[in-house]
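Residue numbers (my numbering): -18 to 166.
Next up, the structure:
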């Protein structure tokens, strides 16, 4: 499997700057409770993205943090029905698990890791139904645009086994969708 390291330069500095910006944005636009939880989500999402870029894996601890923080945020006054949040979790994880199985069967290569599946489920706890789909679309679109841009701009071949760290797109997309959800509603 060909693994692209296109995001590695200055990863730590970028992570710190992005985290600081995300936390500041949360505290400038949201009430304190939402800002606190949104900051946790932002930092966890950026850590997931950095680790996925670096090692092509998503730490289980980060997925657990995203899930537990999201459930705590929900219990603390943001959901009328916890069952709906858990259902979104199951639907998102189930959908990506199906995509994972279909792709592996079709291409005979691993196309999506279990960490991505777990991340989708954990992130869906934070989002309403429309924002869950928005996050998945943003992540897939961002990944596709990057591959296309590298193919057209840098003339890099797109091989059948070229790997892309999908969690690096999905984790920030979850936070972006949550911010949209919080600021629009």
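Built from N, CA and C at the ideal position, the CB exists for glycine as well.
Can you give the Cα-Cα distance for residue i and residue j, rounded to whole angstroms?
{"i": "residue 47", "j": "residue 81", "result": "21 angstroms"}
{"i": "residue 57", "j": "residue 13", "result": "12 angstroms"}
{"i": "residue 33", "j": "residue 44", "result": "12 angstroms"}
{"i": "residue 139", "j": "residue 147", "result": "16 angstroms"}
{"i": "residue 36", "j": "residue 21", "result": "22 angstroms"}
{"i": "residue 149", "j": "residue 27", "result": "8 angstroms"}
{"i": "residue 112", "j": "residue 3", "result": "19 angstroms"}
{"i": "residue 100", "j": "residue 118", "result": "15 angstroms"}
{"i": "residue 51", "j": "residue 77", "result": "19 angstroms"}
{"i": "residue 160", "j": "residue 49", "result": "18 angstroms"}
{"i": "residue 137", "j": "residue 131", "result": "6 angstroms"}
{"i": "residue 79", "j": "residue 40", "result": "21 angstroms"}
{"i": "residue 9", "j": "residue 114", "result": "26 angstroms"}
{"i": "residue 153", "j": "residue 30", "result": "7 angstroms"}
{"i": "residue 163", "j": "residue 75", "result": "25 angstroms"}
{"i": "residue 55", "j": "residue 151", "result": "21 angstroms"}
{"i": "residue 71", "j": "residue 145", "result": "24 angstroms"}
Taking 6 angstroms as the line, does the beta carbon of residue i fall inside it for any heavy atom of the ligand ZN?
{"i": "residue 44", "result": "The ligand ZN is absent from the structure shown, which contains no ligands of any kind."}
For residue i, count neighbouring C-beta atoms within 10 Å of its own C-beta (all shown protein chains included) and say buried if the count is 16 or more, exposed if not.
{"i": "residue 97", "result": "buried"}
{"i": "residue 24", "result": "buried"}
{"i": "residue 42", "result": "exposed"}
{"i": "residue -16", "result": "Confidence in residue -16 is poor, its pLDDT being 49 and thus under 50, which makes the residue's placement unreliable; the coordinate value appears in the next sentence. Residue -16 should be labelled exposed."}
{"i": "residue 134", "result": "exposed"}
{"i": "residue 19", "result": "buried"}
{"i": "residue 15", "result": "buried"}
By DSSP, does residue i sit in helix, in strand, or in coil?
{"i": "residue 165", "result": "helix"}
*Are at least three pairs of beta-carbons, each pair with one atom in the segment 61 to 73 and one in the segment 92 to 107, less than 8 angstroms apart?*
By the Cβ test, the segment 61 to 73 is in contact with the segment 92 to 107, since at least three Cβ pairs between them sit closer than 8 angstroms.
*Output the residue ranges of the alpha helix (DSSP H) runs that lie fully inside the segment 12 to 70 and measure 4 residues or longer, sorted by chain position.*
Within the segment 12 to 70, the complete alpha helix (DSSP H) runs of at least 4 residues are 13 to 36, 41 to 54.
*Touch check for the segment 84 to 94 and the segment 110 to 128: three-plus C-beta pairs under 8 angstroms?*
Output reads no: the segment 110 to 128 does not touch the segment 84 to 94.
*Which whole runs of the alpha helix (DSSP H) in the segment 108 to 142 are 4 residues long or more, in chain order?*
Within the segment 108 to 142, the complete alpha helix (DSSP H) runs of at least 4 residues are 110 to 134.
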